[in-house]
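Each residue of the sequence shown is one higher than the one before, counting from 0 in numbering that gives the first Met the number 0.
Glycine is no exception: its CB is placed at the ideal position from the N, C-alpha and C atoms.
Worksheet: the structure to be examined is printed underneath.
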Amino acid sequence: MFHSGTQRLIDLWSGLPGASRIPLRTDFDPVALGRVLPQAMIIDRGQTALPVRLAGGWIEALHAAPLRGSDWLGLWHPDSRPLVRASVVQAFREARPVVLAAAAAGSSGVYEIVVAPLRGPDGTADRFIGLYQWTRPADRTARNVGLLTARMAVGVGPMGRAPLVLAALNGRRVA
0 MFHSGTQRLI DLWSGLPGAS RIPLRTDFDP VALGRVLPQA MIIDRGQTAL
50 PVRLAGGWIE ALHAAPLRGS DWLGLWHPDS RPLVRASVVQ AFREARPVVL
100 AAAAAGSSGV YEIVVAPLRG PDGTADRFIG LYQWTRPADR TARNVGLLTA
150 RMAVGVGPMG RAPLVLAALN GRRVA
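Shown next, in the form of structure tokens:
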């Protein structure tokens, strides 16, 4: 069972047309997040980096920096980055939200961080919507927490199927 803020994003994403695959960005209305909007983010899907396109004010206060253009993986402890990267890949591959449990230095609480894939107008799954959620009321006012440490990740809801992309290798089709 997730915090109500985490569940809100999961429910909104799951209710979008095409959520059994990956929904279009244009179908997601961020205003529908209501009071948790300052905890939301939009991240580009990159091959080596995950550039932050937009981060809510609460997330920027938590990390004590403007995040636009920075690499979201850089906010994680180096030992956690493989799990974070794998979680993002899982969200796109399985066409469903993934929730990371994360800890921050100086806090005994756990943050739930949900990532859910979105497709652009050309059909390419190129971004994800995310949301940070504190689980202890005391962590709501945390600031400058340093690098996050990923503890675990779990896929949420039925596994969808991302659109297949065919590729050719030496003139031979491979999936």
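- Listed in chain order, the beta strand (DSSP E) runs fully inside the region 32-111 are 39-43, 51-54 and 97-103, counting runs of at least 3 residues.
- Contact between the region 135-151 and the region 71-82 is present: 3 or more CB-CB pairs across the two stretches fall below 8 Å.
- At least 7 Å separates the beta-carbon of threonine 134 from that of glycine 154.
- Around the beta carbon of proline 65, fewer than 16 other beta carbons sit within 10 angstroms, so the residue counts as exposed.
- For alanine 124 against proline 116, the beta-carbon gap comes to about 5 Å, under 8 Å, which counts as contact.
- Excluding five sequence positions before and after glycine 68, the CB atoms of its chain that fall closer than 8 Å to its own CB belong to Pro50 and Val51, given in chain order.
- Between asparagine 143 and the set Glu93, Leu61 and Pro157, the nearest pair of CA atoms involves Leu61.
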